[in-house]
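Participant: Dumping the structure here so I can ask a few things about it.
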Amino acid sequence: MKVLVTGATGSVGHYLIPALANDGFDVVATGRADFGSLNQRHPWTSLPNVVYKRLDFTDPYAVDSMVEEGKPDVIIHAGAMSKPDECEQHQWEAYFTNVEATMQLAMNAEENGSFFIFLSTDFVFDGKKGLYTETDEPSPINFYGRTKLEAEQAVSEFAGDWAIVRTVAVFGEPVEGKQQFLSQVKDHLERGEVYHAVTDQVRTPTYAGDLAKALAIIARNKYQGIIHVAGGEVATPFELATKLAAHLELDSTLLKPLSNEQLPSAAQRPLRTGLDITKARALFNYQPLTIDEALAISYPKQ
């Protein structure tokens, strides 16, 4: 079975490509980077059933050509403009990247008969309830969330087979050139510097390895509809940072609390999100690692 993946060079792709390859897929991994710059950052480039191709997924002609030529059985659209502040400040670019490009990919998937998987976010919700289920009504409060919801709506209207996989606060091992929340925490604490982390944004942090395995299972079995894939524990960014400090035996007193209101940002953040994973547990026995287990794998002690 052949799968085409967008966003292969991102933090999710770092885990997703080997998960798919290990499951027996023939993988066409795509991104904007040159192949030569990927070898050190992404060991999956050496896997025999993985081919990397440069692709700007916002270019409809390039996408059409690649799908027409490759005829993938599955397309996993993991690429996005995903930083809420950037989306708020560059709304046309965010709309073009997150909505219009998704619509084009879905159309190509439909024409080719490919199963289409769209990776979405907890930010489609307003954060008033928390632990959202697949049937809860979305109501985004920032432009990033609005673009992802519009993309979801567009995907759900296509006649082909599709799945929308929502996730939240993805973390994993640091990827060179890709700054993440926890890698920033680690760097600051190792240098003996203060780091401010938010105490009142409630999430269900998701280990990227768990998400990657779930996406491979969904692709293999072509499970359809909206599916929530996230961690099984509730935590704030401050609590997550504290767990990392404890694991690496770094000075947690350097972590300073910051409220959502104090956060200097262009985009509003929902306070209480987190995703209910009951459906994924029932559908394919999804069992995420604990935060501590995931941190031990992602940030091994030296």
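Following the working numbering, the numbering of the sequence shown begins with 30 at its first residue and continues without gaps. Backbone N, C-alpha and C define an ideal beta-carbon position, used for all residues, glycine too.
#1: Given a cut-off of 7 angstroms, decide if Ile-306 and Ala-259 are closer than it, judged by their beta-carbon atoms.
#2: Hey, how far is the Cα of Lys-157 from the Cα of Gln-230?
#3: Using a Cβ distance threshold of 8 angstroms, determine whether the stretch 168-182 contacts the stretch 215-222, with at least three qualifying pairs required.
#4: I need the DSSP call for Pro-101, collapsed to helix, strand or coil.
#5: Could you check what DSSP says for Tyr-161 in three-state terms: helix, strand or coil?
#6: To the nearest angstrom, report how far apart Thr-164 and Phe-152 are at their CA atoms.
#7: How far does the beta strand (DSSP E) with Arg-310 in it reach, from first residue to last?
#8: Asp-114: which of Phe-210, Ser-294, Gln-331, Ala-183 sits nearest, CA to CA?
#9: Hey, would you say Val-96 sits closer than 7 angstroms to Asn-127, going by beta carbons?
#10: Please classify Tyr-90: is it buried, with 16 or more other beta-carbons within 10 angstroms of its beta-carbon, or exposed?
#11: Mind listing, in chain order, the continuous beta strand (DSSP E) runs of no fewer than 3 residues lying wholly within the stretch 84-142?
#12: Quick one: Cα of Phe-313 to Cα of Lys-330, how far?
#13: Helix, strand or coil: which one does DSSP assign to Ile-193?
#14: In angstroms with no decimal places, state the Cα-to-Cα distance between Leu-300 and Asn-289.
#15: Take Gly-36 and list the residues in its own chain whose beta-carbon comes closer than 6 angstroms to its own, dropping the five residues that flank it on each side.
#16: Do Gly-340 and Ser-66 have their C-beta atoms closer together than 7 angstroms?
#17: Using 8 angstroms for Cβ pairs, my map puts Leu-324 next to Thr-233. What's the rounded Cβ distance?
#18: Pick out whichever of Glu-322, Trp-73, Ser-168 has its Cα sitting closest to the Cα of Asp-239.
#19: With distance defined between alpha-carbon atoms, name the residue in Gln-182, Ala-58, Ala-241, Gln-120 nearest to Leu-318.
#20: Distance, Cα to Cα, Gly-53 vs Met-30?
#21: Could you check where the beta strand (DSSP E) with Ser-281 kicks off and where it finishes?
#22: May I have the straight-line CA-CA distance separating Leu-284 from Phe-210, to the nearest angstrom?
#23: Could you tell me whether any Cβ in chain B is nearer than 7 angstroms to the Cβ of Glu-98?
#24: Taking Cβ positions, are Ala-270 and Ala-198 nearer each other than 7 angstroms?
#25: Asp-55 by DSSP, collapsed to three states: which one?
Facilitator: With the structure as the only source:
#1: In contact: Ala-259 and Ile-306 (Cβ atoms closer than 7 angstroms).
#2: Spanning the two alpha carbons is a distance of roughly 11 angstroms.
#3: In short, these stretches do not touch, since the Cβ pair count stays below three.
#4: Correct three-state label for Pro-101: coil.
#5: If DSSP states are grouped into helix, strand and coil, Tyr-161 belongs with the strands.
#6: Thr-164 and Phe-152 have their C-alpha atoms some 15 angstroms from each other.
#7: Arg-310 -> not in any beta strand (DSSP E); alpha helix (DSSP H) instead, spanning 307-313.
#8: Checking every option, the nearest Cα to that of Asp-114 belongs to Ser-294.
#9: At least 7 angstroms separates the beta-carbon of Val-96 from that of Asn-127.
#10: The C-beta of Tyr-90 has fewer than 16 other C-beta atoms within 10 Å across all chains shown, which makes the residue exposed.
#11: Segments of the beta strand (DSSP E) lying fully in the stretch 84-142: 103-106.
#12: If I take the Cα positions, the gap works out to 32 angstroms.
#13: In this structure, Ile-193 counts as strand in the three-state DSSP scheme.
#14: Going from the Cα of Leu-300 to the Cα of Asn-289 covers about 8 angstroms.
#15: Around Gly-36: Gly-42, Ala-107, Gly-108.
#16: Coverage of the chain is limited to positions 30 through 331, which leaves residue 340 absent and any answer about it impossible.
#17: Actually they do not touch by this definition, with Cβ atoms about 15 angstroms apart.
#18: For Asp-239, the nearest C-alpha among the options comes from Glu-322.
#19: Put simply, of Gln-182, Ala-58, Ala-241, Gln-120 the residue whose alpha carbon is nearest the alpha carbon of Leu-318 is Ala-241.
#20: The C-alpha of Met-30 is placed about 8 angstroms away from the C-alpha of Gly-53.
#21: In the DSSP assignment, Ser-281 falls outside any beta strand (DSSP E), carrying neither H nor E.
#22: A direct Cα-to-Cα measurement between Leu-284 and Phe-210 gives close to 13 angstroms.
#23: Among the chains in the structure shown there is no chain B, since it carries only a single protein chain.
#24: Against a cut-off of 7 angstroms, the Cβ pair of Ala-198 and Ala-270 comes out as no contact.
#25: Reduced to three states, the DSSP call for Asp-55 is strand.
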